[in-house]
Structures are given as structure tokens and as C-alpha cells.
Amino acid sequence: MRASQFPDPRSAGEEGLIAVGADLDVATLIDAYRHGIFPWPQEGLPLLWFSPEERGFIDLKKDLPVPSRFLRKLEKWQREGRLEVRINTAFREVLSHCRVSKRKGQDGTWILPEMVDAYVRLHEAGIAHSIETYLDGKLCGGLYGVFIEGVFSGESMFHTVADAGKVALFTLIKLLREAQFDFVDVQMVTPVVASFGGELISRNDYLNRLELAQKRWEREVCRFEWAKGPVSL
Numbered sequence: 000m001r002a003s004q005f006p007d008p009r010s011a012g013e014e015g016l017i018a019v020g021a022d023l024d025v026a027t028l029i030d031a032y033r034h035g036i037f038p039w040p041q042e043g044l045p046l047l048w049f050s051p052e053e054r055g056f057i058d059l060k061k062d063l064p065v066p067s068r069f070l071r072k073l074e075k076w077q078r079e080g081r082l083e084v085r086i087n088t089a090f091r092e093v094l095s096h097c098r099v100s101k102r103k104g105q106d107g108t109w110i111l112p113e114m115v116d117a118y119v120r121l122h123e124a125g126i127a128h129s130i131e132t133y134l135d136g137k138l139c140g141g142l143y144g145v146f147i148e149g150v151f152s153g154e155s156m157f158h159t160v161a162d163a164g165k166v167a168l169f170t171l172i173k174l175l176r177e178a179q180f181d182f183v184d185v186q187m188v189t190p191v192v193a194s195f196g197g198e199l200i201s202r203n204d205y206l207n208r209l210e211l212a213q214k215r216w217e218r219e220v221c222r223f224e225w226a227k228g229p230v231s232l
């Protein structure tokens, strides 16, 4: 890996904290993600950066499960002509929904206003992307994340209609598998992510896989165009 302003992520302790401070400039965030590090701010504290001991991970080379009940609902929405999935048409709206989504076991959110502004700048730079689920023309689910050198790091997901967020995750997995990418970095494994094949791997395993994925990207083994607009399932 190339040189970084951050310490070696392998030196992180059990809690995964690797650095305190720095900024949320585009260049800083790119540097962090290239090295398997991400910001996780907490209100009232300096900016915290993490490379956790265990990493949420979806291995795109495996046969992945898809919940049968979800597939039945997806097929019903498609059959009724109610469903549309889009890429990068409502990035800020997706962040806003993720920011206010209620999450079990969490009283607040790490998506503070400065994080919203930072990731909008990443989106404008062509690095952060959203996948959006529309039912009857209304945004009702989606996810956003960062794509750097062949690795998509999922940040957050939301739904206002049951299973609409899962549609965005299903779409992400399908598109990246078809483009022959190796994995999706999901940082943490929620029950929803686990139902689509998410698992925890060690920090060292993740960092090794990250480096291999970056080398595949350099060799142009896999490519994906993050175009703006509707996508077909």
C-alpha cells in the first residue's frame, strides 16, 4: 500500500481506534479508506478513526443466501410495476434518511452534520455513491458508501417501507458480483447484512484482501460505471 498520514492500521488496539483528530477533507477520507480506516465520530469528542479488530464483510465469490420472503416481495413489487431502483439520483436525501433512522441499541447517530457535508463532497468528487429504492415513485429505502480502487465500503442503510433497504443491498451485491469484484466492506454485520451473507473476518484478513483488491483494480481486472439513473434487476 502507498504511504499514509495515518498510522499502520495493523497497530490498532482491541477497540480498533487508530487515530484521533485530522479533518474530513476529501483527500483525508480517500487516504483513510485506501488503508482500511474509517471515521466514526462521537458528539463532543475529537474526530475518531477506526480499523476494527473484526470487520464486516460480504464475500462476493461465495454462493450467497437471499431470504426467500424478501425475494417473493421483490418479485411482487416488480410484477405490479411499483418498483424502481436508481443510482446516485438522491444522495443527500439518502444520507438524511440514514441520519434519522432509528436503530436498535443506539440512542444517537454517528452521521453528524459535518459527516453529511463531507460525504456529499465525496459524492461530488465521484467517490461516494447511493443506491435508492423507489416504490410508486417515492424514495423509501437506500444505502450509501464509498468506492475507492475497486472496494465498496458500505456506510449506512435505511428504509421507510419494510424490505426497501434490502432491495438496495441486493442490487449492490448483484451489480458488483456481475462486475467480478471480490467483496463488499460492510464494516459491521447487522441481522439484515447477515441474512445476505455478511460475516466477520479479522483485521489482518481484511487488510490483506483490501490490498489484493486494489492490485486487481490496478490491473483492470474489474470495472463498474457508477452512472446516474435507473438500474434494472
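Mapping the sequence shown onto numbering that gives the first Met the number 0, position 119 (from 1) lands on 118, and the numbers just tick up by one.
For each residue, glycine too, the CB sits at the ideal point set by N, CA and C.
For clarity, every value in this text was computed on a predicted model and none was experimentally measured.
Check your understanding: To the nearest angstrom, how far is it from the Cα of P229 to the Cα of R85?
Key -> 4 Å
Exercise for review: Taking the CB atoms as reference points, tell me whether L59 and D181 lie closer together than 7 Å.
Suggested key: yes
Review point. Just how far apart, CA to CA, sit K214 and F151?
Key: 15 Å
Practice item. Given a cut-off of 7 Å, decide if G141 and G153 are closer than it, judged by their beta-carbon atoms. Key: A distance of 7 Å or more separates the beta carbons of G153 and G141.
Check your understanding: With 16 as the cutoff for other CB atoms within 10 Å, does S129 come out buried or exposed?
Key -> buried
Review point. Going straight from the alpha carbon of G136 to that of H122, what length do you get?
Key: 23 Å
**Study point:** Top-ranked residue by Cα proximity to S3, from Y133, H96, L28, V99
**Key:** L28
Review point. How close, in whole Å, do the beta carbons of T132 and A89 come, if the pair is a contact with beta carbons under 8 Å?
Key: With 8 Å as the limit, T132 and A89 do not qualify as a contact, their Cβ atoms being about 10 Å apart.
**Study point:** the segment 45-55 in contact with the segment 18-36 per 3-pair CB rule at 8 Å
**Key:** yes
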